[in-house]
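Peer 1: Under the numbering used here, think of the first position of the sequence shown as 5, with each following residue one higher.
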Amino acid sequence: MVKKIYLVCFLLLFVAGKSFAGSCCGQSMANFTVLHKYEPLNINLSTTVSETLGRVRNDSKLYYEWGASKKRTAKNTTLSLASSFAEHWQWWATTSFVDVEYAERGVSEKFNDFSDSLIGLNYEILPEYSYHPLKPVVFVSFLLNLPTGQSAFDEGQLTEGAGVTGHNQYGLGFGVTLYKVWLPWQLKIQARS
């Protein structure tokens with residue numbers, strides 16, 4: 005069993021794969037923090053590295069794959085804080101620092117800045133008063149996007165929009181989380197607008 009756990013950790017941490025969809029504008033925040041019932045505070049620091057292989061142009065729906073002469077690498081360091089402040093309420097905040105390197109035909113450019121920040125509130129609308137093997141705990145979340153990153157309209161960008169790290173706009177959102185714990189495993193299914 006221990007060997008299987010090490011194998012899964014190795015596959016998740018060190019094996020890279022190609023994806024034809026990536027995060028836009030420096031945001032790697034596909035999910036947001038939801039705490040377990042008895043977890044009063046969570047501080048998470050993570051890093052990701054992504055390499056862009058191509059893009060979809062604005063005038064087309066076709067995907068253009070870049071050749072070997074063009075490369076964009078983004079290193080994203082994310083800090084997330086979350087805490088419970090009442091029996092069914094939680095707050096959280098997430099921000100990232102993005103370090104972008106863009107190279108085209110031997111010319112290399114570098115850029116770094118913060119991405120947009122995301123803050124929110126979670127409310128546990130369907131708590132787990134008694135254990136049930138299948139019924140999840142359900143949270144609703146209220147999200148606020150803060151424009152702390154560089155948008156496509158800001159000066160000092162890399163060519164082809166490679167240095168965009170934000171949207172340059174405030175945004176409100178709504179999220180739903182289904183959360184189930186089977187010790188030692190946790191399953192979270194999230195959707196957000």
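Even for Gly, the Cβ is constructed at its ideal location relative to N, Cα and C.
Is I47 near the ligand GTP - that is, is its Cβ less than 7 Å away from at least one heavy atom of it?
Peer 2: Absence of the ligand GTP is noted for the structure shown, with no ligands found whatsoever.
Peer 1: Have a look at N80 and P151 and give me their C-alpha separation to the nearest angstrom.
Peer 2: Cα-Cα distance, rounded: 17 Å.
Peer 1: Which residues in the same chain as D103 place their Cβ atom closer than 6 Å to its Cβ, once the five residues preceding and following it in sequence are excluded?
Peer 2: K79 and N116, listed in sequence order.
Peer 1: If you drop the 5 nearest sequence neighbours on each side, which residues of the same chain put their C-beta closer than 7 Å to that of P44?
Peer 2: Closer than 7 Å at the Cβ level, and outside the excluded window around P44, lie S87 and S88.
Peer 1: I'd like to check one pair, G179 with N149: are the Cβ atoms closer than 8 Å?
Peer 2: Not closer than 8 Å, so no.
Peer 1: Candidates L66, T99 and R59: which alpha carbon is nearest K74's?
Peer 2: Taking only the C-alpha atoms, the option nearest K74 is R59.
Peer 1: Suppose the cutoff is 6 Å on Cβ atoms and the five residues either side in sequence are ignored; what does the same chain contact list for L187 look like?
Peer 2: Correct list: empty, nothing qualifies.
Peer 1: Looking only at its chain, what residues have a beta carbon closer than 6 Å to the beta carbon of T246, apart from the 5 residues adjacent to it on each side?
Peer 2: Lying outside 5 to 197, the shown extent of the chain, residue 246 is not represented and no answer is given.
Peer 1: What's the gap between the Cα of Y183 and the Cα of S145?
Peer 2: Cα to Cα, the separation comes out at about 13 Å.
Peer 1: For F101 and V142, what's the separation of their Cα atoms in angstroms?
Peer 2: When rounded, the distance between both Cα atoms is 31 Å.
Peer 1: Thinking C-alpha only, which one of S155, S54, Y127 and R109 is nearest N172?
Peer 2: Ranking S155, S54, Y127 and R109 by Cα distance to N172 puts S155 first.
Peer 1: Considering only DSSP beta bridges, list what E108 is partnered with.
Peer 2: Its beta-bridge partners are K74 and V111.
Peer 1: Excluding the 5 residues flanking N215 on each side, which residues of the same chain have their C-beta closer than 6 Å to its C-beta?
Peer 2: Residue 215 falls outside the range modelled here, since the chain spans only 5 to 197, and no answer is possible.
Peer 1: Restricting to Cα atoms, I'd like to know which of L49, Y106 and Y127 is closest to A72.
Peer 2: When each option's Cα is compared against that of A72, the closest is Y106.
Peer 1: Whose C-alpha, out of Y68, V185 and N48, is nearest the C-alpha of T56?
Peer 2: Looking at the Cα atoms, Y68 is the closest of the given residues.
Peer 1: Just verifying my parser: in three-state terms, what is the DSSP assignment at G30?
Peer 2: With a pLDDT of 49 at G30, under the threshold of 50, the modelled position of this residue cannot be trusted; read the value that follows with caution. In the structure shown, G30 sits in coil (DSSP, three-state: anything other than H, G, I, E or B).
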